[in-house]
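Asks: In the working numbering, the protein residues as written are 1 to 181.
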């Protein structure tokens, strides 16, 4: 495209011409994309950078003075966007590295540990099912539904002490049965 055409397109963009802006995008976007992606090796971030460049062009076009060719301006904008991207990425990586110094290493549960936890859950459920119905209901409300003793007592029309006694008995039974197995 001739330099005169680009100046005319830029003038049209300054007056809000969307078609002229689209022509500029069509003219430069692919080459800018290649230029940026070769430097940062991230397709998603490259797309974001290209979008930022053209958004900035649209926002600042009224104050922009281009005498001949828009290309050098856009490539310089790309260069500064790449520098900003590198800085922010480096900062983020540094913060993650610093944070990892203060965090304990994550423990990956093994298949065996998961199996044992499932087995324990099954044993507990089996033992709870063997309890008297009222004790089962109180245990489930307390330990599964996390209901306070007072709410359980009101819900079942029992005294709070009866609820506490049933919870204590249920836990004692579970401890006894699970020690044996």
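Just so it is clear, CB atoms sit at the ideal spot from N, CA and C, and this is done for glycine as well.
(1) Pull up the distance between the alpha-carbon of residue 151 and that of residue 112, whole angstroms please.
(2) Can you tell me which of the three DSSP states residue 135 falls into?
(3) Output needed for residue 24: all residues of its chain with C-beta closer than 6 Å, excluding positions within five of it in sequence on either side, in chain order.
(4) According to DSSP, is residue 12 part of a helix, a strand, or is it coil?
(5) What would DSSP say about residue 61, mapped onto helix, strand or coil?
(6) Check the C-beta distance from residue 62 over to residue 14 and give it rounded, since I have them as a contact under 8 Å.
(7) In its own chain, which residues sit with a C-beta less than 8 Å from the C-beta of residue 178, not counting the 5 before and 5 after it?
(8) Under the three-state reduction of DSSP, which class applies to residue 154: helix, strand or coil?
(9) By the DSSP assignment, the alpha helix (DSSP H) with residue 118 in it spans what residues?
Replies: Taking the structure as given:
(1) Position 151 of the chain shown, counted from the first residue, corresponds to residue 151. Position 112 of the chain shown, counted from the first residue, corresponds to residue 112. Answer to the nearest angstrom: the Cα atoms are 38 Å apart.
(2) Your numbering for residue 135 matches position 135 in the chain shown. Residue 135 falls in the helix class under three-state DSSP.
(3) Taking the first residue of the chain shown as 1, we reach residue 24 at position 24. Cβ neighbours of residue 24 beyond the five flanking positions: 9.
(4) To locate residue 12, count along the chain shown from 1; it is residue 12. Correct three-state label for residue 12: helix.
(5) The sequence position of residue 61 within the chain shown is 61, counting from 1. Three-state result, residue 61: coil.
(6) The residue given as residue 62 occupies position 62 in the chain shown. The residue given as residue 14 occupies position 14 in the chain shown. Right, the Cβ-Cβ distance comes to about 5 Å (below 8 Å), so this counts as a contact.
(7) In the chain shown, residue 178 corresponds to position 178, counting from 1. Cβ within range, chain order: 120, 123, 124, 127.
(8) Taking the chain shown and counting its residues from 1, one reaches residue 154 at position 154. Reduced to three states, the DSSP call for residue 154 is helix.
(9) Taking the chain shown and counting its residues from 1, the one referred to as residue 118 is at position 118. Residue 118 -> alpha helix (DSSP H) spans 111-130.
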